[in-house]
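Asker: Heads up: the sequence shown runs through residues 1 to 282, numbered per full-length UniProt numbering. All C-beta atoms, glycine included, are put in the ideal place defined by N, C-alpha and C.
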Amino acid sequence: MTRILAAITLPLSIVLTILVTIVCSVPIIIAGMVKLLLPVPGIWRKVSIFCNFMMYCWCAGLAALLRLNPHLQWDVEGLEGLSKKNWYLLICNHRSWADIVVLCVLFRKHIPMNKYFLKQQLAWVPFIGLACWALDMPFMKRYSRSYLLRHPDRRGKDVETTRRSCEKFRRYPTTIVNFVEGSRFTHEKRQQTHSPYQHLLPPKAAGIAMAINVLGSQFDKLLNITLCYPNNDRHPFYDMLSGRLTRIVVRVQLEPINEELHGDYVNDKTFKRRFQRWLNTL
1 MTRILAAITL PLSIVLTILV TIVCSVPIII AGMVKLLLPV PGIWRKVSIF CNFMMYCWCA
61 GLAALLRLNP HLQWDVEGLE GLSKKNWYLL ICNHRSWADI VVLCVLFRKH IPMNKYFLKQ
121 QLAWVPFIGL ACWALDMPFM KRYSRSYLLR HPDRRGKDVE TTRRSCEKFR RYPTTIVNFV
181 EGSRFTHEKR QQTHSPYQHL LPPKAAGIAM AINVLGSQFD KLLNITLCYP NNDRHPFYDM
241 LSGRLTRIVV RVQLEPINEE LHGDYVNDKT FKRRFQRWLN TL
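1) From the DSSP output, which residues share a beta bridge with Trp74?
2) Helix, strand or coil: which one does DSSP assign to Thr226?
3) Under DSSP, the alpha helix (DSSP H) around Thr193 begins and ends at which residues?
4) Assign Arg108 to one of two classes, buried (16 or more other C-beta atoms within 10 Å of its C-beta) or exposed (fewer than that).
5) Return yes when the Cβ of Tyr88 is within less than 7 Å of the Cβ of Lys221, no when it is not.
6) Go ahead and pull the three-state DSSP assignment for Phe275.
7) Checking 7 Å against the spacing of the C-beta atoms, do Ile29 and Ala123 come in under that value?
8) Please state if the CB of Lys204 and the CB of Val177 are separated by a distance shorter than 7 Å.
9) Quickly, what does DSSP pair Val177 with across the bridge? List them, please.
10) For Glu259, name the three-state secondary structure that DSSP assigns.
11) State the beta-bridge partners of Gln253 as determined by DSSP.
12) Kindly identify the DSSP beta-bridge partner or partners of Met140.
13) Can you tell me whether Leu37 is buried or exposed? The criterion is at least 16 other CB atoms within 10 Å of its CB, across all chains shown.
14) Alpha carbon to alpha carbon, how far is Ser217 from Ala206? Give it in angstroms, no decimals.
15) Give the secondary structure of Met1 by DSSP, where H, G and I count as helix, E and B as strand, and everything else as coil.
16) Gly129 lies in the alpha helix (DSSP H); which residues open and close that run?
17) So what's Arg150 in DSSP terms, helix, strand or just coil?
18) Sort Gln121, Lys119 and Cys104 by Cα distance to Met113 and report the nearest one.
19) Under the rule that 16 or more other beta-carbon atoms within 10 Å means buried, what is Arg251, buried or exposed?
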């Protein structure tokens, strides 16, 4: 019986999720075109407010879809003291595509709309890619070490992309989200990267170091998020769509962003080592 329900729920969830995404992303894309054609600061601000509102509607739509699952339970701690008027840097472990849905749904009423560091490949996903571009989310292109040795001019390009995006976030309260592992966790990746952690990949520090360097004291707090799906650890996103997801556990820790975390991550090797040590302790 459970398999039959899942077989019915899965295509229905996919269709409804696509519909919600299209309905919310098309106005964002149109607004983004307006911002591109009319680069006037006053218009930019109004367009950004509108785009963030439509993203909130998308998050609310996903929340409504999750509520259709009567078996889903949320186990959340640490939402006290958050404000939509503050600037936050949010870091989180990365288990599944479901993580983005969870963060959007859970925090939509507590903090400014999330802005994600995204892989370059997502720019070509229909509707989502253009909507994320209109929302000023930075697209990061990863290069292998061997590629950078052959093309040293590409070194630091992600850092420059981060800097340009973060400059735009000065204008209004923002939550910058970075999955510091840089990729979804799997046991195979853990072995390949020789990770010292049982459930994490080694963190990549450049993105958040640049965000802190650009926005500096404008950040009010660091949100250190830990999430897991204890009953659906193997395929949480599939189980979310098929109505099998039963429990989401989220722990939120507020951390200060001290002055010693501000520095030149690219050129100052001493600061780079100190920043990496700090990140590894979180």
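Answerer: By the coordinates alone:
1) Paired residue(s): Ile248.
2) In the structure shown, the three-state DSSP call for Thr226 is strand.
3) For Thr193, there is no enclosing alpha helix (DSSP H), since its DSSP letter is neither H nor E.
4) Arg108 counts as buried, since at least 16 other C-beta atoms from the protein chains shown sit within 10 angstroms of its C-beta.
5) Taking 7 Å as the Cβ cut-off, Lys221 and Tyr88 qualify as a contacting pair.
6) Correct three-state label for Phe275: helix.
7) At a Cβ-Cβ threshold of 7 Å, Ile29 and Ala123 do not count as neighbours.
8) Between Val177 and Lys204, the CB-CB gap reaches or exceeds 7 Å.
9) As DSSP reads the structure, Val177 sits in a beta bridge with Leu90 and Tyr116.
10) DSSP places Glu259 in helix when its eight states are reduced to three.
11) Looking at the DSSP assignment, Gln253 forms a beta bridge with Asn224.
12) Answer by DSSP bridge pairing, in chain order: Lys119.
13) The residue is exposed, with fewer than 16 neighbouring Cβ atoms inside 10 Å.
14) Each residue's alpha carbon lies about 18 Å from the other.
15) In this prediction, Met1 has a pLDDT of 47, which is less than 50 and means its spatial position is unreliable; what the coordinates show is noted afterwards. Correct three-state label for Met1: coil.
16) Counting along the chain, the alpha helix (DSSP H) containing Gly129 begins and ends at Ile128 to Ala134.
17) DSSP places Arg150 in helix when its eight states are reduced to three.
18) Closest by C-alpha distance to Met113, out of Gln121, Lys119 and Cys104, is Cys104.
19) Classification for Arg251: exposed.
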